[in-house]
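Remarks on the structure that follows.
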Amino acid sequence: MIDFEVIRQRAEERKGGAAALQAMLPPLADHDKLRATTDDRILAEMTRRVFYSGFVRQVIDSKWPGFEDAFSGFDPAFLNIAPDDYWHDLTSDSRIIRNGAKIMAVRANAAFVRELANEAGSAGIFFAEWPATDHAGLLELLSKRGSRLGGLAGQYFLRAIGRDCFILTGDVLACLRDAGAALSQTGTAKKDLQLAQQVFAEWSAQSGLSLNHLSRIAAYSIDAPGHP
């Protein structure tokens with residue numbers, strides 16, 4: 431496996447030097463802030479990521495105040511007891527994107543958030559206190575217990591709520607493969623997530639960097655245009 435310093439140097443060369451690369455990195459994750467995040471904001475971010483998939487993000491963002499109103503502020507307690515008619519009416523509500531499958535994902539994820547809150551005190555506490563050494567397990571949990579939160583949707587959700595995490599964009603996967611990780615063609619299997627976790631743990635030990643920063647630098651080393 432290639433040492434991370436090689437990856438970092440390549441990213442610095444592509445992005446204009448060490449200072450330029452540093453300026454492109456996101457703030458460090460704040461797990462204390464995540465612990466204090468209320469369940470309605472966790473569900474709201476889940477919903478945003480679910481609706482982003484397959485739609486232009488600017489369209490979702492422009493309609494977001496309508497989403498907040500239509501979904502009653504994303505209060506999981508209310509949404510868990512909302513009757514079938516409430517959800518049926520949302521499928522014709524012009525304040526949101528009227529996609530029935532995604533609307534029902536909100537209903538399922540409201541129940542999911544309540545489950546996490548019952549287990550840990552709040553969903554924010556649950557996500558903040560999940561072991562850093564088992565990030566692959568957390569992604570698997572999102573895929574299995576959440577609705578439409580597998581793959582990149584779940585990864586971007588965790589980043590958005592402030593959880594330190596890697597995101598396996600195509601550029602990050604290319605970097606991992608170039609570094610010697612034997613990932614599958616899709617890079618989405620359970621064993622791929624576990625292997626990526628092992629590589630990032632090794633790179634973190636070498637560099638002292640967070641998963642957020644390791645992931646970004648890995649992508650920038652392949653001259654990625656996005657923000658992994």
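Throughout, this note's numbering is defined as the position within the sequence shown, counted from one, plus 430. All C-beta atoms in this analysis are idealised placements derived from N, C-alpha and C, irrespective of residue type, glycine included. Given the structure is predicted, the values throughout are model-derived calculations rather than measurements.
**Prompt:** Alpha carbon to alpha carbon, how far is ALA631 from ASP523?
**Reply:** Within the sequence shown, residue 631 is the residue found at index 201, counting from 1. Within the sequence shown, residue 523 is the residue found at index 93, counting from 1. Their Cα atoms are separated by approximately 45 Å.
**Message:** Using the Cβ count rule (16 or more neighbours within 10 Å means buried), how would you classify ILE511?
**Reply:** Residue 511 sits at position 81 when you count from the first residue of the sequence shown. Taking every protein chain shown into account, the CB of ILE511 has fewer than 16 other CB atoms within 10 angstroms, so this residue is exposed.
**Prompt:** Assuming LEU623 and GLU549 make a contact with CB atoms under 8 Å, what is their CB distance in whole Å?
**Reply:** If you number the sequence shown from 1, residue 623 lands on position 193. If you number the sequence shown from 1, residue 549 lands on position 119. No, LEU623 and GLU549 are not in contact; Cβ-Cβ is about 22 Å, not under 8 Å.
**Item:** Other residues of its chain near LEU625: CB distance less than 6 Å, five sequence neighbours each side excluded
**Value:** Working through the sequence shown from its first residue, we reach residue 625 at position 195. Correct list, in chain order: ALA611.
**Prompt:** Looking only at its own chain, which residues have a Cβ that is under 6 Å from the Cβ of HIS657, when we skip the five neighbours before and after it?
**Reply:** In the sequence shown, residue 657 corresponds to position 227, counting from 1. Its pLDDT being 47, under 50, HIS657 is placed unreliably by the model, and the measurement read from it follows with that caveat. If we look at HIS657 and ignore the five residues flanking it on each side, it has no Cβ neighbours.
**Asked** Just reading off the alpha helix (DSSP H) that VAL436 is part of, what are its end residues?
**Response** By one-based count along the sequence shown, residue 436 stands at place 6. It spans 434-445 - the alpha helix (DSSP H) in which VAL436 sits, taken as one unbroken run.
**Message:** Quick check on the burial criterion: 16 or more other C-beta atoms within 10 angstroms. Buried or exposed for LEU458?
**Reply:** For the purposes of this step, residue 458 is identified with residue 28 of the sequence shown, where counting begins at 1. So LEU458 ends up on the exposed side.
**Beta-carbon proximity list for PRO655, same chain, < 6 Å, skipping 5 on both sides** = Along the sequence shown, one-based indexing puts residue 655 at 225. Its pLDDT being 47, under 50, PRO655 is placed unreliably by the model, and the measurement read from it follows with that caveat. Result list for PRO655: empty, nothing under 6 Å.
**Asked** Would the beta-carbon of CYS605 fall within 8 Å of that of SER651?
**Response** The residue you call residue 605 lines up with position 175 of the sequence shown. The residue you call residue 651 lines up with position 221 of the sequence shown. Against a cut-off of 8 Å, the Cβ pair of SER651 and CYS605 comes out as a contact.
**Message:** Using a 10 Å radius around the Cβ and a threshold of 16 neighbouring Cβ atoms, would you call HIS518 buried or exposed?
**Reply:** Position 88 of the sequence shown, counted from the first residue, corresponds to residue 518. Exposed: under 16 other Cβ atoms inside 10 Å.
**Reduced DSSP category for LEU473 - H, G, I as helix; E, B as strand; rest coil** = By one-based count along the sequence shown, residue 473 stands at place 43. If DSSP states are grouped into helix, strand and coil, LEU473 belongs with the helices.
**Asked** For the candidate residues PRO513, LYS445, ALA540, PHE557, whose alpha-carbon lies nearest to that of VAL480?
**Response** Taking the sequence shown and counting its residues from 1, the one referred to as residue 480 is at position 50. Of the candidates PRO513, LYS445, ALA540, PHE557, the one whose C-alpha sits nearest the C-alpha of VAL480 is ALA540.
**Request:** Compare the Cα-Cα distances from LEU464 to each of ARG589, GLY554, LYS574 and report the closest residue.
**Result:** On the sequence shown, position 34 is the one that residue 464 refers to. Here the closest residue by C-alpha is GLY554.
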